[in-house]
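For the sequence shown, numbering that gives the first Met the number 0 gives the first residue as 0, with consecutive numbering after it. A virtual CB, placed ideally from N, CA and C, is assigned to each residue, including glycine. Structure first, then comments.
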Amino acid sequence: MVNSVFEPARLGPIELRNRTVKAATFEGRTPHGLVTDELIDYHLAPSRGGVGLTTVAYLAVAPEGRTQKEVIVVNAESAPGLARLTDAIHETGAKVAGQLGHAGPVANGRSNGVHALAASRMPSPLSMQMINSATAADIARITRDYVRTARTMVDAGFDVLEIHMAHGYLLSSFLAPGQNRRKDGWGGSLDQRAKFARDVARVVREEVGDAVAVTAKIGMTEGSPKGFSMPESLEFAQMLEADGHLDALELSAGSSLLNPMYLFRGDVPLKEFAANMPLPVRLGLRTPVGKAFFKAYPFEEAYLRDKALAFRAGLSMPLIMLGGINDKATMDRAMAEGFEFVAMGRALLREPDLVNRMQSGEATRGICIHCNQCMPTIYSGTRCTVREQERDPANL
Numbered sequence: 000m001v002n003s004v005f006e007p008a009r010l011g012p013i014e015l016r017n018r019t020v021k022a023a024t025f026e027g028r029t030p031h032g033l034v035t036d037e038l039i040d041y042h043l044a045p046s047r048g049g050v051g052l053t054t055v056a057y058l059a060v061a062p063e064g065r066t067q068k069e070v071i072v073v074n075a076e077s078a079p080g081l082a083r084l085t086d087a088i089h090e091t092g093a094k095v096a097g098q099l100g101h102a103g104p105v106a107n108g109r110s111n112g113v114h115a116l117a118a119s120r121m122p123s124p125l126s127m128q129m130i131n132s133a134t135a136a137d138i139a140r141i142t143r144d145y146v147r148t149a150r151t152m153v154d155a156g157f158d159v160l161e162i163h164m165a166h167g168y169l170l171s172s173f174l175a176p177g178q179n180r181r182k183d184g185w186g187g188s189l190d191q192r193a194k195f196a197r198d199v200a201r202v203v204r205e206e207v208g209d210a211v212a213v214t215a216k217i218g219m220t221e222g223s224p225k226g227f228s229m230p231e232s233l234e235f236a237q238m239l240e241a242d243g244h245l246d247a248l249e250l251s252a253g254s255s256l257l258n259p260m261y262l263f264r265g266d267v268p269l270k271e272f273a274a275n276m277p278l279p280v281r282l283g284l285r286t287p288v289g290k291a292f293f294k295a296y297p298f299e300e301a302y303l304r305d306k307a308l309a310f311r312a313g314l315s316m317p318l319i320m321l322g323g324i325n326d327k328a329t330m331d332r333a334m335a336e337g338f339e340f341v342a343m344g345r346a347l348l349r350e351p352d353l354v355n356r357m358q359s360g361e362a363t364r365g366i367c368i369h370c371n372q373c374m375p376t377i378y379s380g381t382r383c384t385v386r387e388q389e390r391d392p393a394n395l
């Protein structure tokens, strides 16, 4: 029996009104690391627009785990604002997920005021500092940070906790054989490289039980020889399934440090992106090496589908399909192919009410043109600049 994307569905212990997910995307609306009215409004738009689940990104488990200093660290100071956010989303009938994680080597240590951590020591192109190799004590502390963060988020009213295990962040830096050069129990074989991520999933589930759903975002491939990729990523997903601590996996790709456009596809706004970066990075992006960093990939509908199908064939647990989903027909095909949920990012940034309009029959596909001009706005408030221009031509 094929599911309908607009029918109610269970994600672990949580009932969603439909099978659509607003994917986690940097919001750029927390200048002081705390929830703002602007952040709440950002998530109210797709929630009122019909999604079953909206995902708040990115919530750091520790100060050095922020991508930069403006990112929310989940703690006693940020918890009241997070509760205010979840209350507002629940009033719309949608549920709310929080993406918890540690940025690892993707963190800007200079912005955060503390050196970044990774599986192994490496230079940081963001801070022009060395990234330290996480010690055993660091790993134990950060594992406890996940537990504390999970409890705080449950108490703040989140329905789903999404553990970030992709995109070159800390947990995925341990997974990637080209980045993990450790000689201890967290390096070498995939079993050992996967230990940190699996332990985090276990302790989070042990802490929250069945009070909320627990999912993970994983990278099917980082699009680089130095990154984590298939078939090991599928084997890792099978480990997570066998462990039994997660209610679903969201299937992503690309790496913030190795190949960011592998996830996004479409136009590369290099000039605009560089203008929003720190001066050393901005200068670096002008070099041939810097320009090659933003590789161009043509956009096509559901561009991660073929890889996701390999995961669907190799797993029995619920999967969330991601990547270039703009068309109602794509959603229907995803349901027919056995995916339980579909996640959208740019399509909802362009049209926050797209799900309602599809469900009513008013629309069959989104109108996002994948110019990716939204990408450089993540530092000043993520938004669709095309939509902004249509509303007020004086804005651009």
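Based on Cα-Cα distance, which residue from the options lies nearest to residue i?
i: Gly-184; options: Ile-138, Val-211 and Arg-150; result: Ile-138
i: Met-164; options: Ala-8, Gly-253, Thr-85 and Gly-313; result: Gly-253
i: Cys-367; options: Glu-300, Ala-56, Ala-175 and Pro-7; result: Glu-300
i: Ala-106; options: Ser-3, Glu-336 and Asn-131; result: Asn-131
i: Gly-344; options: Ala-362, Gly-322 and Met-129; result: Gly-322
i: Phe-157; options: Ala-247, Pro-287, Ser-315 and Leu-99; result: Leu-99
i: Leu-125; options: Arg-109, Thr-134, Ala-118 and Asn-258; result: Arg-109
i: Val-199; options: Leu-245, Pro-176, Lys-182 and Ala-155; result: Leu-245
i: Thr-286; options: Gly-187, Arg-390, Met-219 and Leu-269; result: Leu-269
i: Asp-154; options: Ala-175, Met-374 and Ala-82; result: Ala-82
i: Phe-235; options: Val-203, Ser-188, Leu-257 and Glu-205; result: Ser-188
i: Ala-274; options: Met-374, Pro-79, Val-113 and Gln-128; result: Met-374
i: Leu-348; options: Met-260, Thr-35, Ala-335 and Asp-40; result: Asp-40
i: Asp-36; options: Gly-80, Ala-8 and Met-0; result: Gly-80
i: Lys-225; options: Ser-77, Met-121 and Met-127; result: Met-121
i: Lys-216; options: Leu-233, Asp-242, Arg-204 and Glu-249; result: Glu-249
i: Val-20; options: Pro-351, Ala-342 and Glu-350; result: Ala-342
i: Ala-133; options: Phe-272, Arg-150, Leu-169 and Ala-196; result: Leu-169
i: Ala-78; options: Thr-148, Met-0, Leu-262 and Gln-178; result: Thr-148
Assuming residue i and residue j form a contact by the criterion Cβ under 8 angstroms, report the distance between their Cβ atoms to the nearest whole angstrom.
i: Glu-63; j: Leu-116; result: 6 angstroms
i: Met-320; j: Ala-307; result: 5 angstroms
i: Glu-26; j: Thr-381; result: 5 angstroms
i: Met-229; j: Leu-303; result: About 12 angstroms separates the two Cβ atoms, so there is no contact after all.
i: Ile-66; j: Ala-22; result: Looking at the sequence shown, residue 66 is not Ile but Thr. That pair is no contact at about 17 angstroms.
i: His-42; j: Leu-84; result: 7 angstroms
i: Glu-339; j: Ala-247; result: 7 angstroms
How is the beta strand (DSSP E) around residue i delimited, first residue to last?
i: Thr-214; result: 212 to 218
i: Met-152; result: No beta strand (DSSP E) contains Met-152, which is instead part of the alpha helix (DSSP H) from 135 to 154.
i: Leu-160; result: 159 to 164
i: Met-129; result: 129 to 132
i: Ile-13; result: 13 to 15
i: Ile-319; result: 318 to 320
i: Gln-237; result: From DSSP, Gln-237 is part of no beta strand (DSSP E) but of the alpha helix (DSSP H) over 231 to 242.
i: Glu-249; result: 247 to 251
Since residue i is in the alpha helix (DSSP H), which residue starts that stretch and which ends it?
i: Ala-175; result: That residue, Ala-175, is in no alpha helix (DSSP H); it is neither H nor E in DSSP.
i: Val-207; result: 194 to 207
i: Gln-397; result: Past the boundaries of the shown model lies residue 397; the chain is included only from 0 to 395, so the question cannot be answered.
i: Thr-85; result: 78 to 89
i: Ser-110; result: 108 to 111
i: Arg-467; result: Residue coverage of the chain in this structure runs from 0 to 395, which leaves residue 467 outside it and unanswerable.
Give me, in chain order, the residues of the same chain whose beta-carbon lies closer than 6 angstroms to that of residue i; leave out the 5 immediate sequence neighbours on both sides.
i: Cys-370; result: Asp-266
i: Gln-372; result: Pro-268 and Thr-384
i: Glu-240; result: Leu-314 and Met-316
i: Val-72; result: Ala-59 and Pro-62
i: Met-357; result: Lys-327
Tell me which same chain residues have a C-beta within less than 8 angstroms of the C-beta of residue i, skipping the five on either side of it?
i: Leu-395; result: In this prediction, Leu-395 has a pLDDT of 47, which is less than 50 and means its spatial position is unreliable; what the coordinates show is noted afterwards. If we look at Leu-395 and ignore the five residues flanking it on each side, its Cβ neighbours are Thr-384, Glu-387 and Gln-388.
i: Ala-346; result: Ile-324, Asn-325, Leu-353, Gly-365 and Cys-367
i: Pro-30; result: Glu-69
i: Arg-180; result: Ala-118, Ser-119 and Gly-186
Which residues in the same chain have their Cβ closer than 7 angstroms to the Cβ of residue i, if we skip the five residues on either side of it in sequence?
i: Val-159; result: Leu-10, Ile-13, Leu-52, Lys-94, Ala-96, Val-211, Ala-212 and Thr-214
i: Phe-298; result: Arg-264, Gly-265, Gly-323 and His-369
i: Arg-47; result: Thr-91
i: Gln-191; result: Gly-184 and Trp-185
i: Ser-223; result: Ser-254, Leu-257 and Asn-258
i: Val-202; result: Thr-142, Tyr-145 and Val-146
i: Ala-193; result: Leu-174, Phe-235 and Met-238
i: Leu-411; result: The structure shown has nothing for residue 411, since the chain only spans 0 to 395.
Kindly identify the DSSP beta-bridge partner or partners of residue i.
i: Tyr-41; result: Per DSSP, none; premise fails for Tyr-41.
i: Tyr-296; result: Gly-265
i: Pro-122; result: Met-129
i: Gln-98; result: Glu-161
i: Leu-308; result: Answer by DSSP bridge pairing: none, since Leu-308 is not bridged.
i: Val-55; result: Gly-97
i: Ala-8; result: Leu-15
i: Glu-350; result: Bridge partners of Glu-350: none, in fact.
i: Met-343; result: Lys-21
i: Arg-364; result: Asp-326
i: Leu-254; result: Reading off the sequence, residue 254 comes out as Ser, not Leu. Ser-254 pairs with His-166 and Asn-258.
i: Ala-117; result: Ser-132
Is residue i close to chain D? Criterion is C-beta to C-beta, closer than 8 angstroms.
i: Gln-191; result: Of the protein chains in the structure, only one exists, and it is not chain D.
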